[in-house]
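Heads up: the sequence shown at position 134 corresponds to 134 in the UniProt record's numbering, and the numbers run straight through without jumps.
Virtual Cβ for every residue (Gly too), placed ideally from N, Cα, C.
For clarity, every value in this text was computed on a predicted model and none was experimentally measured.
Presented below is the structure to which this report refers.
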Amino acid sequence: MNARQLSGTLIRRTRSHRNPWILMYHSVDVYQEDPYLLTVTPARFAAQMRWLERRRLRGVSVSELLQAVSAGTADGLVGLTFDDGYADFVENVLPVLKERGFTATVYVVAGLMSGTNTWDPDAPPKPLLSRDQVKSLSDAGIEIGSHSLNHRSVPSTTGAELTAELMSSREILQEVTGVPVTGFCYPYGDVNAESVAAVRSAGYEHACAIAHSDLPTAWALPRTYVGDRDNSLRLLAKLARHALRGWRRRATVHPTKTDDVFDLPTDGPDARGTSLGAAR
1 MNARQLSGTL IRRTRSHRNP WILMYHSVDV YQEDPYLLTV TPARFAAQMR
51 WLERRRLRGV SVSELLQAVS AGTADGLVGL TFDDGYADFV ENVLPVLKER
101 GFTATVYVVA GLMSGTNTWD PDAPPKPLLS RDQVKSLSDA GIEIGSHSLN
151 HRSVPSTTGA ELTAELMSSR EILQEVTGVP VTGFCYPYGD VNAESVAAVR
201 SAGYEHACAI AHSDLPTAWA LPRTYVGDRD NSLRLLAKLA RHALRGWRRR
251 ATVHPTKTDD VFDLPTDGPD ARGTSLGAAR
């Protein structure tokens, strides 16, 4: 079996368990320093999108992916997510997506628009999207989700600060975009049962984590970290790992269930990847 045949088998296996594949990106830009391994060069990103396209996979937003899963029409769809809301998305990502008919979800740190990645003190400063850019992306069909107000770890935040991180961030982004913001992404990938409960109570319909877990899936969606070293063979290996982890979760969480374990809302490398940067 060659690599193309293997990838086809893995894609079918992923579909058969309704175990959708969601890729996690951050910044797409040229770089000299990247201590957290957050950045993918534009050339590498374009090659990764071509890899998906050659396998008849189409990148979509998380909301579109989950709606398709619920309708049983998710074949050939892959979720594309971009954490933090870096300004380089406009120039280096959006044209590549448009060329292929792809969409994506950008998770914006609502309180730091037009600022920089101040939560990464050891990394070079990277500009974040402005309010006008966020609005333009939303108008262009890119889903905007919340990545909190100030990029604080949800399990480490309580009381009024937690309310601001979850609810104020959503209100700000809805004001900017003029459309409902239904998705959340946990900063640093930090999530536990209490975090899930808080996110659900805040009114989010789904949320992205990183690792596969026993938490309610729609509010702790596992994702695959993608870095600048990920060529076609590494992407294939990551697809295989995702398929295996989904199968294991299905076997252990619901061993007698024959359809899927993807728990959708009724109303409507490891946890940190290959490095700390994978969950920034």
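Nearest in C-alpha terms to Glu-53, of all of Thr-103, Ala-71, Asp-139, is Thr-103. C-alpha of Met-49 to C-alpha of Val-96: approximately 8 Å in a straight line. Annotated three-state conformation of Phe-184 is strand, per DSSP.
Residue pairing from DSSP leaves Gly-101 without any beta-bridge partner. Two segments are said to touch when three or more pairs of C-beta atoms, one from each, lie closer than 8 Å; by this definition the stretch 55-68 touches the stretch 200-212. The C-beta distance from Met-24 to Val-226 rounds to 6 Å, short enough to fall under 8 Å. For the pair of segments examined, the stretch 179-193 was found not to touch the stretch 130-137: the number of CB pairs separated by less than 8 Å stays below three. Under the three-state reduction of DSSP, His-242 is assigned to helix.
Rounded to whole angstroms, Ser-169 and Thr-157 show a C-alpha spacing of 14 Å. In this chain, the beta strand (DSSP E) harbouring Gly-145 covers 143-146. With respect to the C-alpha of Val-191, the residue from Gln-174, Ala-218, Leu-239 having the closest C-alpha is Ala-218. Within the same chain, Pro-127, Leu-128, Leu-129, Gln-133 come within 7 Å of Ala-87 by CB-CB distance, once the 5 residues on both sides are set aside. Membership of Arg-44 in any beta strand (DSSP E) is not indicated; the residue belongs instead to the alpha helix (DSSP H) covering 42-54. Comparing C-alpha distances from Pro-155 to each of Ala-123, Ser-195, Thr-163, Ala-240 shows the shortest one belongs to Ser-195. Counting other Cβ atoms within 10 Å of its Cβ, Asp-34 reaches 16 or more and is therefore classed as buried. Less than 9 Å separates the beta-carbon of Ser-148 from that of Val-109. Taking C-beta separations shorter than 7 Å and ignoring five residues to either side along the sequence, the partners of Ser-153 in its chain run Pro-187, Tyr-188, Asp-190, following chain order. For Gly-79, the uninterrupted beta strand (DSSP E) run begins and ends at 77-84, by DSSP. Separation of Ala-193 and Val-78 (C-alpha to C-alpha, rounded to the nearest whole angstrom) is 26 Å.
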